[in-house]
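Below is one structure; the comments refer to it alone.
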Amino acid sequence: AGVNFADTGANAGGGLDLSSSTPTAATCYKAGSGYVLFTPAVTSENGTTPPTVTLHNAAINNTAATANSNALALPSGNVTVTLDAGTVNTLSSNYYGLYTANGSPTIGGSGTLNVTGSAVNGIHAGGSLTIQDSAVITATSKLPIYAKGNILVNGSSSVNAVKTDGLNPALESADGSVTLNTTGTVSA
Numbered sequence: 005a006g007v008n009f010a011d012t013g014a015n016a017g018g019g020l021d022l023s024s025s026t027p028t029a030a031t032c033y034k035a036g037s038g039y040v041l042f043t044p045a046v047t048s049e050n051g052t053t054p055p056t057v058t059l060h061n062a063a064i065n066n067t068a069a070t071a072n073s074n075a076l077a078l079p080s081g082n083v084t085v086t087l088d089a090g091t092v093n094t095l096s097s098n099y100y101g102l103y104t105a106n107g108s109p110t111i112g113g114s115g116t117l118n119v120t121g122s123a124v125n126g127i128h129a130g131g132s133l134t135i136q137d138s139a140v141i142t143a144t145s146k147l148p149i150y151a152k153g154n155i156l157v158n159g160s161s162s163v164n165a166v167k168t169d170g171l172n173p174a175l176e177s178a179d180g181s182v183t184l185n186t187t188g189t190v191s192a
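Residue numbers (the working numbering): 5 to 192.
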């Protein structure tokens, strides 16, 4: 099947919405000097592997001043976000940095993710949020990391949640709990 390179005029550097138009084949988007690779879910006799969004030195900066002008909007459901080893990835927006309306993303790998959502959240999960492996994440916004469900930090991952105002918590789980099982650091 191969990979579709959605690089002919479709540059994700200004925002990538995988929630309203989710590809059905592996698709690579140019994002700054790097890329975002979307791999759809795979179903086998062992079950279904969720779709994967791989960030490789990706830089997405959505400067639109409208609601829902996210840097990266993920498809509904469970999605794995992989930070390629040794890469530095940047998602910034005037609204949400990394967003899923009703999904439960898992962010892992051994790269770095710097995410900013000026108006609302750096990371917003409509379900639960898991951060694992040795991912290094810095989220900056009024409420840097939000999940409607649980927030779980595992492995040797490190999280730095930077608040831009004094009104909101740095990590908020609306209907669940925050669990820290990491040998890395968490600062909020």
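Where is the CB? At the ideal position from N, CA and C, for every residue including glycine. Predicted model, so just to flag it, every value in this text is computed and none were measured.
Boundaries of the beta strand (DSSP E) in which residue i is found, first to last residue
| i | result |
| --- | --- |
| Leu22 | It is not in any beta strand (DSSP E) - Leu22 carries neither H nor E in the DSSP assignment. |
| Ala151 | 140-151 |
| Asn185 | 182-186 |
| Asn158 | 155-159 |
6 Å Cβ shell around residue i - same chain, five flanking residues per side excluded
| i | result |
| --- | --- |
| Lys146 | Thr168, Asp169, Asn172 |
| Ala143 | Val119, Gly126, Ile127, Ile149, Ala165 |
| Ser181 | Asn154 |
| Leu117 | Leu87, Asn93, Ile141 |
| Tyr100 | Asn74, Gly121, Val124, Asn125, His128 |
| Thr53 | Val46 |
Buried/exposed call for residue i, threshold 16 Cβ in 10 Å
| i | result |
| --- | --- |
| Asn106 | exposed |
| Val85 | buried |
| Ser23 | buried |
| Ser48 | exposed |
Residues near residue i by beta carbon distance below 8 Å, same chain, minus five either side
| i | result |
| --- | --- |
| Pro44 | Thr26, Pro27, Thr28, Ala29, Ala30, Pro55 |
For residue i, three-class secondary structure by DSSP
| i | result |
| --- | --- |
| Ala16 | helix |
| Tyr39 | strand |
| Asn172 | coil |
| Ala165 | strand |
| Ser122 | strand |
| Ser48 | strand |
| Ala129 | strand |
| Thr189 | coil |
Chain B contact for residue i (CB, 8 Å cutoff)
| i | result |
| --- | --- |
| Pro148 | Looking at the structure shown, chain B is missing, and only one protein chain is on hand. |
Sequence-distant residues of the same chain with beta carbon closer than 7 Å to residue i, five excluded per side
| i | result |
| --- | --- |
| Ala192 | Ala165, Ala174, Leu175 |
Notebook entry, point to check: Which runs of the beta strand (DSSP E), 3 residues or longer, sit entirely within the stretch 58-116?
Noted result: 63-66, 81-87, 92-97, 102-104, 107-113
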